[in-house]
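S.K.: In the UniProt record's numbering, the protein residues as written are 1 to 337.
Beta carbons: idealized from backbone N, C-alpha and C, even for Gly.
Please read all numbers here as calculations on a predicted model, not as lab measurements.
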Ligand code: SAM
Ligand code: SF4
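(1) Would you report the Cα separation of residue 167 and residue 106, rounded to the nearest angstrom?
(2) Could you please go through the chain and list the residues whose beta-carbon is closer than 5 Å to any non-hydrogen atom of the ligand SF4?
(3) So, is residue 184 buried or exposed, given that buried needs 16 or more other C-beta atoms within 10 angstroms?
(4) Note down, in chain order, each residue of its chain lying with its Cβ closer than 6 Å to the Cβ of residue 1, except the 5 sequence neighbours on either side.
(5) Could you round the C-beta distance between residue 20 and residue 71 to whole angstroms and report it? I think they count as a contact, below 8 Å.
(6) Could you check the C-alpha separation between residue 36 and residue 213 for me, to the nearest Å?
(7) So, at 6 Å on beta carbons, what are the nonlocal neighbours of residue 152 in its own chain, with the 5 sequence-adjacent residues on each side left out?
(8) For the alpha helix (DSSP H) that residue 61 lies in, which residues bound it at each end?
(9) Rounded to whole angstroms, what's the CA-CA distance from residue 138 to residue 179? Just pull it up for me.
(10) In terms of residues, what are the limits of the beta strand (DSSP E) holding residue 305?
(11) CB residue 24 to CB residue 18, shorter than 7 Å?
(12) Report yes if the CB atom of residue 275 is closer than 7 Å to the CB atom of residue 50, and no otherwise.
(13) Taking C-beta to C-beta, are residue 121 and residue 87 nearer than 7 Å?
(14) Excluding five sequence neighbours on each side, which residues of the same chain lie with their C-beta closer than 8 Å to the C-beta of residue 292?
(15) How is residue 22 classed by DSSP in three states: helix, strand or coil?
(16) Answer with buried or exposed for residue 196, where buried requires no fewer than 16 other C-beta atoms within 10 angstroms of its C-beta.
(17) Enumerate in chain order the residues of its own chain whose CB-to-CB distance from residue 324 is below 8 Å, with the five nearest sequence positions on each side excluded.
(18) Figure out for me which residue from 189, 328, 204, 297 has the closest Cα to the Cα of residue 33.
(19) Pull up the CB-CB distance for residue 99 and residue 294, whole angstroms please, since I reckon it's below 8 Å.
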């Protein structure tokens, strides 16, 4: 007989993985148009009433933290800094008992201005996305001339104590794949932690091409032309990034090789979209509607039970390399990266 999902306790799945890390998308909208993420014209955005309100987000995060054993909350999007209620949401989540660790993944635009308030509200750290240090390339890649704003955002985050500031970089062949060493030099000079992310099939345009993807091996080979990289002795746990000590350490560089070295077996993520759908995986093709239940008057235990059911059905792996792989209908920006 097939085991039934547990009626209480943590978010466990059929493969005994426990989800403790919640990614919450605060909006599907963005002020950049990164070519690997969104088309130039943007996307049909979620309508206002479809979005969870600030109170609804805090209520659902509270269910995850108090009833489901979630210990890490990461706000993302779209671009989370453009959500007007962000500081209040962070403050309310920081007031939960037990208090989760709270971080933010952002493109950094406006972060210099917002960092002190976010820090005061209880944000612990940030990940800022930066794929190139060349202003013209940045404009080509994101379709907006905002490199200076991103660099100022990172500096502001570090000054406000939102540390360690981590940088996420996606390399694309023929676009910025020659920049790995320069990005690492920049990160080392500023005390930021750099992680490269293999490009995944999550773009709205469905333009991802496995053969053209810059692989973890290529990124490491490119870095090794300038740096000595040694395996990091620190325990990786369920962290998606494999890390290396740079020139003897303590500085590190990471690679998130979701495609060529999938880490699904150790995944501890659960995701909530800006319109209140639970997703067990970035690549899930099913979602579980918590917004509808919440607005229909479900109590916290009912919401927790729905969330447990959604995670129980999590598949063993994303199957990108499987010939039957289907890209999810929602792009990364609407799921929350
Ligand atoms: N707008 C914020 C940002 O850019 O950091 C948060 C959302 S964004 C979707 C989160 C992360 O996903 C970014 O680091 C971005 O580079 C990455 N990303 C977006 N599309 C991707 C793709 N197709 N493959 C790999 N990473 C991607
Ligand atoms: Fe916006 Fe982030 Fe997507 Fe770039 S990767 S378009 S910054 S959501």
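M.R.: In brief:
(1) One C-alpha to the other measures close to 10 Å.
(2) 30, 32, 34, 37, 38, 107, 333
(3) buried
(4) For residue 1, the predicted model reports a pLDDT of 41, less than 50, meaning its position is unreliable and no value from the coordinates is stated.
(5) 5 Å
(6) About 11 Å.
(7) 112
(8) 54-67
(9) 12 Å
(10) It is not in any beta strand (DSSP E) - residue 305 instead sits in the alpha helix (DSSP H) that spans 300-312.
(11) No.
(12) Yes, they are a contact pair.
(13) yes
(14) 276
(15) strand
(16) buried
(17) If the five residues before and after residue 324 are omitted, its C-beta is found closer than 8 Å to no C-beta atom of its own chain.
(18) 204
(19) At roughly 23 Å, the Cβ-Cβ gap does not stay under 8 Å, so residue 99 and residue 294 are not in contact.
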